[in-house]
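Q: One structure is given below, represented as structure tokens, and several questions about it will come after.
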């Protein structure tokens with residue numbers, strides 16, 4: 033399944049213009065999202081994070097991700113991520129389920 037199809041299916045369509053995930057994912061306007069679960073914020077190689085993001089000391093997990101995606105600039109004041117946020121709990125759940133499926137190499141983790 034293509035990233036675009038998966039994004040539509042899993043509630044991540046709002047992310048695809050700026051982020052990529054899965055095999056061959058590369059940084060775009062935002063960093064690639066492979067291996068997001070348990071990754072320290074601001075650490076994807078070759079991505080130009082804001083100082084605020086690099087200094088945030090966030091380790092991504094479900095709770096931190098959902099709080100951030102609801103309102104990125106409230107969670108990390110000074111972030112470069114310009115995004116209105118996702119308020120729907122169902123959409124947040126679907127999005128976390130999707131992005132947390134991928135390991136750092138872009139492969140889907142075994143269940």
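Numbering (my numbering), first residue to last: 33 to 143.
Here a beta-carbon is modelled for each residue, glycine too, at the ideal position from N, C-alpha and C.
Name the DSSP bridge partner or partners of residue 91?
A: Working through the chain shown from its first residue, we reach residue 91 at position 59. According to DSSP, which records beta bridges pairwise, residue 91 is partnered with 72.
Q: Is the Cβ-Cβ distance between residue 90 and residue 101 less than 8 Å?
A: By one-based count along the chain shown, residue 90 stands at place 58. By one-based count along the chain shown, residue 101 stands at place 69. No, these two residues do not count as a Cβ contact at 8 Å.
Q: Starting from residue 142, trace the alpha helix (DSSP H) both ways and give me its first and last residue.
A: Against the chain shown, residue 142 aligns to sequence position 110. Taken as a continuous stretch (DSSP letters only), residue 142 belongs to no alpha helix (DSSP H), as it is neither H nor E.
Q: Count the other C-beta atoms from every protein chain shown that fall within 10 angstroms of the C-beta of residue 85, then say buried if there are 16 or more, exposed otherwise.
A: The residue you call residue 85 lines up with position 53 of the chain shown. So residue 85 ends up on the buried side.
Q: Let me make sure I understand the geometry here. Which of 92, 58 and 115 has the alpha-carbon closest to that of residue 78?
A: The sequence position of residue 78 within the chain shown is 46, counting from 1. Out of 92, 58 and 115, 58 has the C-alpha closest to the C-alpha of residue 78.
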